[in-house]
Each structure stands twice: as structure tokens, then as C-alpha cells.
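**Student:** Mind having a look at this structure? Questions to follow.
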Amino acid sequence: MTLGRIMTNAGEWLRGAGPRSDVVLSSRVRLARNLAGFPFVSRSSRRQREEILERCRDQIMNGQLAENVLWVGLVECPQVDCQLLVERHLISRQHARANDLARAVAVDTNETFSIMVNEEDHLRIAVLRSGVQLAEAFEQVNRIDNIIEKKLDYAFSKRFGYLTACPTNVGTGMRVSVMLHLPALKLTGEIDKVRRAARDIHLAVRGLFGEGSEAHGDLYQISNQTTLGRSEQEILSEFEHTVVPQIIAYEQQARQALLQQRSVQLDDKIWRAWAILTQARMLGSEEVLTLLSHLRLGVNLGRIQTVDIQTINELFLLSQPAHLQKINGSAMEGAARRQGRAELIRRRLGAAD
Amino acid sequence: MALVWGARAVKKLCDKCNHPATVHEVEIVKGQKIEKHLCDDHAREEGIAVGEDYKPINELLTNFVKMHSGSAPAHDLVCDNCGMGFSEFRENSLLGCPQCYIAFEAPLSPLLERAQDNGTHHIGKVPQRCGIGERRQEQLLRMRNRLAEAVKSEDFELAARLRDDISQFEGVVE
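In order, the protein sequence lines correspond to chains A and B.
First residue of the first sequence: 1, per my numbering; consecutive thereafter.
First residue of the second sequence: 1001, per my numbering; consecutive thereafter.
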């Protein structure tokens, strides 16, 4: 069982089939946990790290968490494969950074969950679902947590809850996030308002692709900041019943406004995106994300029927550098990569000659 | 939040200087539509925060900890289990071990309260099996700490003994 197998599938979270998947690509719930009686990762000795890894591995691989669970040791993992895992949001950039300190990730082959071992905390258990499925994601992550906890004692205090290396995670150790596609809010210039409103109620807003404030492809990730003093149910419920529906409503309003007031400009953007994606011979990754975003908006608004959402969702992922190189079977740089990207996209959109 | 539609996504210059505008706001005041286009500097001047909003959480916390914890005390507070100093925590916002939460409780509590939107106590899930008690967690942590020290100083006899102690300790059901 190698990474090659997961690479060819889109992964559960990109199926594009979940509830409200026109705006919400996926939902994610992750728990941070540490084993009792060990220092946190950054202060553990090499030997302790290895021991933590072994204990977690035993419990994860013998816990029957899913039909097929893949264990990837990251010390011996080639860089391009680590990058692939980052692009699929199965591990963090930090976890992928090359070094010889014992760390790993366990993923089920449908990519509904990933468990990072020895990242910032001993365990980072995450469940990914397509569309708005926060309650379902929590149920699964909670079940996994219970199974792991059957054999492993967690660092826990009555006052502070689950103890984590960074105090921003202490308490429930739970981070809830949704990945949103907000092209209309971007086009109408309202996105900054949403960002500020979200921040005012203690939510973090980040671009899904790109570092810092960049949000290539108009894909945003919104997550809770508060983990202490509020229960898992409270946090989830606020997200599922208040935050997410509100943002969806804003995006829908913006889409309708574009349709009614600027439909020609809108169609122009959509069909230009289609034209470039099906004709260009060289494409850069940022450009592709922008074009895919416009195309996705066009499909969701019924302005273009030549492609389906799942194909577009997949292309967001497959046009990333590590995926391209895996598909190509060898390393590609600069011009060759842009050429390969254009070719892959033409092929997937049924426009290859 | 009142949203106004139709704002155009063309590159505009700042209302107050010739730099490209990065912040765009549309407000309705008494039925009048007022558009504001500002560069980062002028947006900041107007009290609209820019840029720093999007820093990673860890970096935010580090700045936050530095801002609110005053100057470093002459005698740095140190966790007696893992040896981490509070000043080191201020640098990278990561604690050394679970025991740090107790060692640093006094300076940490107000920080947590602010970072956690006034949350001070855990509400929510507790380990199903109730895990091991806090006293035992601490004992185990200290034993492991001594073991790591023994290994480091190549006292393998002591290390072997401590390892036995730990397995025995772990084997005892509360």
C-alpha cells in the first residue's frame, strides 16, 4: 500500500457532493491530544519521541479505525510525497518539513481522517467531510478519540481540560473549520467585510492555498479560536447553525446580485476561464486557481454545463506541484511544470487534442 | 452587517494618496452611498486593521504573550519538571510539559483568559475512562524525566531500574 493509491482518488472531502457543497467544499474537525506522563513534543528526547510514536502506532493500527489505514513514517518519506500529503491537507507544512525526528501520519484510504503523530502535539486527529457535515465529522473524530483513549492515557486536568503544547488549543483541544468557496464575495469586494465580521466573533479566516493573507482560488478556511470554557457541542452548534449559514447566505446574495446586475461581465469571466483552461499550453498554479474558481462559480450558477463540479474540485488539487509531479512520474521544474499542468487540465476537461 | 452590492473589482488608488488601495469599504449613510478606498497605511490610520489579521495563530499568540506579560522578571519562573522557563514560553508560545500549566498558572491565567475569549475552565468532554488521576500523571512525568536524565548521563543501571519502576507504575490500575 503506497501513497500512489490515494493520489488517484479525489478523497472524500473533494467529492463535491455533501450538503451545501456549492459554497462549502468541506468540513473538518480536529482534536489535539497528548499522552499523560510525557513532555510535549518539542521538549521530548529522541527516545521519548520514538516511544510516543510506537505507542500511538500500536493503538491506531490495531484499533480498527477503518477498513484500510495507511501508516506513513515521515522521516523516510520522500519530500515529494510529504508535499503531496500537505496538498491534500492530510498533514501540516510543519509536519512535512524535512528532519530526522520521529513523526508519522495515519490516514484511512478514503481520506476521511488523518492522525498526525508528534506534530506540535503527540496526536492531532482530524476528520474531513465534504460539504457541511460538522456534526458527522465530530461524531467520527469523537469515536476515533474514544478508541485511542481505551489504551492510551491522555494528559488531562479538571481545570484546563485536554492539555496541549500551545495554550491556544487547551480545553477541548478542538478546532472546527470549513473550507469555503467565496468567488462572488470576492468579485463584489465584500470579502474583507466578512473577514472582519468573522474575526469579531473570534473566528480565524485564512486562505486555503497560499500563505498569509493570500486566498488563491477564492478558497477560504474559517475556524474557531476559542477552545477553553465552551463545550464541543456549543462550538459546533454555533458554527453549524449561525456562522456557516450566514456566510453561505452572503455569498448567495452576492451571486444573485452578479447575475441580475452584471450577468454579461459574469459570463465573460466564466467563459474566459473555460477558454483559457481548455486552450492554454502553459499554466501557472496561481492563474489556474483563479480560473478554476470562476469556472466553478459558472457551474454552480448553471451558466456553463460543459464540466461537472467534481472535476473542478479535483483539478484544484491535481494542478498542485507535488500532484503534478506524481502524475507525471518525475520531477518537473518551471516551464515543464507549467506545460504539464496545462496538458493535464486540457485532458481532464476533455479538450486534449 | 449591511452588505451593498455592485462594488467593482477594478484596481483603485487610495483616496488619500497615490498608492494602490487595498481596503475597500462601502457604507450607506442616510441613504447616501459612500465608498472608501484606502491603502494599508491610511486604512490603519482610519482605524481599519489590515495585514496583521492574517498571521498564523502561533505568531499572534507570541505577540500577544509578549504584549501582555510585561518585561521579563529578574528571576525567570521555571517549570520544576521539564526545566522550561516562562521567558522561553514567551518566545515560542509552546509549553514544555503538562506540568507547565501548574508551574506557570499565575502568569498564564490572565493570558489564557484573553486568548480564550474569557474562558478559564474546561467545559466539555472528559476522557471516557477517566484516564489516570492528575497526581499519577505528574508522578509518571517526573519518573520519565529522571529516566531521560539517566540515559543522557549514561547511567544505564539507574535507567534500567527506572524503566522497571515505570512499567510497574503503569501496570497498577487505580
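From the three backbone atoms N, C-alpha and C, an ideal C-beta is built for every residue, glycine too.
Treat the numbers as computed from the prediction; the structure is a model and nothing was measured.
Any idea if Asn118(A) is buried or exposed, counting beta-carbon neighbours within 10 angstroms, 16 or more meaning buried?
**Tutor:** If you number the first sequence from 1, residue 118(A) lands on position 118. By the neighbour-count rule (16 or more Cβ atoms within 10 Å), Asn118(A) is buried.
**Student:** If you run the structure through DSSP and keep just helix, strand and coil, what is Ile357(A)?
**Tutor:** One cannot answer for residue 357(A) here, as it falls past the ends of chain A, which runs 1 to 353.
**Student:** At least one CB of chain B closer than 8 Å to the CB of Tyr154(A): is that the case?
**Tutor:** To locate residue 154(A), count along the first sequence from 1; it is residue 154. It does: the Cβ of Tyr154(A) has a partner Cβ on chain B nearer than 8 Å.
**Student:** Hey, would you say Glu136(A) sits closer than 8 Å to Ala165(A), going by beta carbons?
**Tutor:** Counting from 1 along the first sequence, the entry for residue 136(A) is found at position 136. Counting from 1 along the first sequence, the entry for residue 165(A) is found at position 165. Result no, Cβ atoms of Glu136(A) and Ala165(A) do not sit closer than 8 Å.
**Student:** What residues are listed by DSSP as bridge partners for Ala390(A)?
**Tutor:** Lying before the first or after the last residue shown, residue 390(A) is absent from chain A, which here runs from 1 to 353.
**Student:** In whole angstroms, what separates the C-alpha of Gln83(A) from that of Ala96(A)?
**Tutor:** One-based indexing of the first sequence puts residue 83(A) at position 83. One-based indexing of the first sequence puts residue 96(A) at position 96. Spanning the two alpha carbons is a distance of roughly 7 Å.
**Student:** Pull up the distance between the alpha-carbon of Ile235(A) and that of Met174(A), whole angstroms please.
**Tutor:** Taking the first sequence and counting its residues from 1, one reaches residue 235(A) at position 235. Taking the first sequence and counting its residues from 1, one reaches residue 174(A) at position 174. Going from the Cα of Ile235(A) to the Cα of Met174(A) covers about 9 Å.
**Student:** Quick one: what's His1024(B) bridged to in DSSP?
**Tutor:** By one-based count along the second sequence, residue 1024(B) stands at place 24. His1024(B) is bridged to His1037(B).
**Student:** Which residues in chain A sit within 8 Å of Asn1118(B), going by Cβ to Cβ distance?
**Tutor:** To locate residue 1118(B), count along the second sequence from 1; it is residue 118. Result: Gly229.
**Student:** Could you tell me the distance, in whole angstroms, from the CA atom of Ala1160(B) to the CA atom of Arg159(A)?
**Tutor:** For the purposes of this step, residue 1160(B) is taken as residue 160 along the second sequence, with counting starting at 1. For the purposes of this step, residue 159(A) is taken as residue 159 along the first sequence, with counting starting at 1. Ala1160(B) and Arg159(A): Cα-Cα distance of roughly 35 Å.
**Student:** Is there a Cβ of chain A sitting closer than 8 Å to that of Pro1127(B), yes or no?
**Tutor:** The count along the second sequence starts at 1 and reaches residue 1127(B) at position 127. Interface residue, yes.
**Student:** Measuring straight from C-alpha to C-alpha, what distance separates Ala1072(B) and Ser1087(B)?
**Tutor:** On the second sequence, position 72 is the one that residue 1072(B) refers to. On the second sequence, position 87 is the one that residue 1087(B) refers to. Low confidence applies here, because Ala1072(B) scores a pLDDT of 49, under 50, leaving its location unreliable and the question unanswered by this model.
**Student:** Quick check on Ala104(A): does DSSP put it in helix, strand or coil?
**Tutor:** Locating residue 104(A) in the first sequence gives position 104, counting from the first residue. Looking at Ala104(A) - three-state DSSP - the assignment turns out to be strand.
**Student:** Leaving out five residues on either side along the sequence, give the residues of the same chain with a beta carbon under 6 Å from the beta carbon of Arg206(A).
**Tutor:** Here residue 206(A) refers to the residue found at position 206 of the first sequence. Counting only Cβ-Cβ distances below 6 Å, and skipping sequence neighbours, we find Gln221.
**Student:** Does Val24(A) come out as helix, strand or coil in the three-state DSSP assignment?
**Tutor:** Locating residue 24(A) in the first sequence gives position 24, where the first residue counts as 1. It is a strand residue.
**Student:** Give me the Cα-Cα distance between Val69(A) and Arg341(A), rounded to the nearest whole angstrom.
**Tutor:** Within the first sequence, residue 69(A) is the residue found at index 69, counting from 1. Within the first sequence, residue 341(A) is the residue found at index 341, counting from 1. Val69(A) and Arg341(A): Cα-Cα distance of roughly 30 Å.
**Student:** Could you run through the segment 131-149 of chain A and flag, in chain order, every residue whose CB is less than 7 Å away from some CB of chain B?
**Tutor:** Here the close residues are Asn146, Glu149.
**Student:** Report yes if the CB atom of Leu1147(B) is closer than 8 Å to the CB atom of Cys1097(B), and no otherwise.
**Tutor:** Your numbering for residue 1147(B) matches position 147 in the second sequence. Your numbering for residue 1097(B) matches position 97 in the second sequence. Their beta carbons are not under 8 Å apart, which means Leu1147(B) does not touch Cys1097(B) by this criterion.
**Student:** Taking the alpha-carbon positions, what's the Glu1052(B) to Arg1044(B) distance?
**Tutor:** For the purposes of this step, residue 1052(B) is taken as residue 52 along the second sequence, with counting starting at 1. For the purposes of this step, residue 1044(B) is taken as residue 44 along the second sequence, with counting starting at 1. Note that Glu1052(B) scores a pLDDT of 44, beneath 50, so its modelled location is shaky and nothing firm can be said.
**Student:** Where does the unbroken alpha helix (DSSP H) through His181(A) begin, and where does it stop?
**Tutor:** Position 181 of the first sequence, counted from the start, is the residue given in the question as residue 181(A). No alpha helix (DSSP H) contains His181(A), which is instead part of the beta strand (DSSP E) from 174-181.
**Student:** Whose Cβ in chain A lies nearer than 9 Å to the Cβ of Leu1158(B)?
**Tutor:** Here residue 1158(B) refers to the residue found at position 158 when the second sequence is read from its first residue. Those do not exist, as Leu1158(B) stays about 15 Å from chain A at its closest Cβ, beyond 9 Å.
**Student:** Who does Ser114(A) pair with in a DSSP beta bridge?
**Tutor:** Looking up residue 114(A) in the first sequence gives position 114. Answer is Val107(A), Ala126(A), bridged to Ser114(A).
**Student:** Any idea what DSSP makes of Asp1053(B), helix, strand or coil?
**Tutor:** Here residue 1053(B) refers to the residue found at position 53 of the second sequence. Caution applies to Asp1053(B), whose pLDDT of 44 falls short of 50 and renders its modelled position unreliable; the value that the coordinates give is listed next. Residue state, collapsed to three classes: helix.
**Student:** My understanding is that Val127(A) touches Thr112(A), with C-beta atoms under 8 Å, so please give their C-beta distance in whole angstroms.
**Tutor:** Taking the first residue of the first sequence as position 1, residue 127(A) is located at position 127. Taking the first residue of the first sequence as position 1, residue 112(A) is located at position 112. So it is a contact: roughly 6 Å between Cβ atoms.
**Student:** Val170(A) by DSSP, collapsed to three states: which one?
**Tutor:** Within the first sequence, numbered from 1, the residue matching residue 170(A) stands at position 170. Looking at Val170(A) - three-state DSSP - the assignment turns out to be coil, as it is neither helix nor strand.
**Student:** Strictly under 8 Å for the Cβ-Cβ distance: is Ser1071(B) near chain A by that measure?
**Tutor:** Position 71 of the second sequence holds residue 1071(B). At Ser1071(B) the pLDDT is 49, less than 50, meaning the model places this residue with poor confidence; the figure from the coordinates comes in the next sentence. No, Ser1071(B) lies away from the interface with chain A (no Cβ there is under 8 Å from its Cβ).
**Student:** Quick one: Cα of Leu14(A) to Cα of His202(A), how far?
**Tutor:** Along the first sequence, read from residue 1 onward, the residue named residue 14(A) stands at position 14. Along the first sequence, read from residue 1 onward, the residue named residue 202(A) stands at position 202. Cα-Cα distance, rounded: 27 Å.
**Student:** Alpha carbon to alpha carbon, how far is Asp200(A) from Arg230(A)?
**Tutor:** As a first step, residue 200(A) is located in the first sequence; it is residue number 200 there, counting from the start. As a first step, residue 230(A) is located in the first sequence; it is residue number 230 there, counting from the start. Rounded to whole angstroms, Asp200(A) to Arg230(A) spans 17 Å at the Cα level.
**Student:** Using 8 Å for Cβ pairs, my map puts Ala441(A) next to Ala184(A). What's the rounded Cβ distance?
**Tutor:** The requested residue 441(A) does not occur in the structure, where chain A is confined to residues 1 to 353.
**Student:** If we cut at 8 Å on Cβ distances, does Glu1154(B) have a partner in chain A?
**Tutor:** Position 154 of the second sequence holds residue 1154(B). Chain A contact via Cβ: absent.
**Student:** For a contact defined as C-beta to C-beta under 7 Å, what are the partners of Gly1096(B) on chain A?
**Tutor:** Reading the second sequence from its first residue, position 96 is the one you call residue 1096(B). Going along chain A in sequence order, the residues near Gly1096(B) (Cβ under 7 Å) are Pro39, Phe40, Arg43.
**Student:** Check whether the segment 1016-1027 of chain B and the segment 1035-1044 of chain B touch, using three or more Cβ-Cβ pairs below 8 Å as the test.
**Tutor:** The answer is yes - the segment 1035-1044 of chain B touches the segment 1016-1027 of chain B, with three or more Cβ pairs under 8 Å.
**Student:** Check whether the Cβ atoms of Ile91(A) and Ile148(A) sit closer than 8 Å, and answer yes or no.
**Tutor:** For the purposes of this step, residue 91(A) is identified with residue 91 of the first sequence, where counting begins at 1. For the purposes of this step, residue 148(A) is identified with residue 148 of the first sequence, where counting begins at 1. No.
**Student:** Is the Cβ-Cβ distance between His1122(B) and Leu35(A) less than 8 Å?
**Tutor:** Numbered from its first residue, the second sequence carries residue 1122(B) at position 122. Numbered from its first residue, the first sequence carries residue 35(A) at position 35. For His1122(B) and Leu35(A), no; Cβs fall outside 8 Å.
**Student:** Taking the C-alpha atoms as reference points, what is the distance between Asp268(A) and Asp108(A)?
**Tutor:** As a first step, residue 268(A) is located in the first sequence; it is residue number 268 there, counting from the start. As a first step, residue 108(A) is located in the first sequence; it is residue number 108 there, counting from the start. Their backbone Cα atoms lie some 41 Å apart in a straight line.
**Student:** How many angstroms separate the CA atom of Ser42(A) from the CA atom of Ala1106(B)?
**Tutor:** As a first step, residue 42(A) must be located in the first sequence, where it is residue number 42. As a first step, residue 1106(B) must be located in the second sequence, where it is residue number 106. Straight-line Cα distance between these residues: approximately 23 Å.
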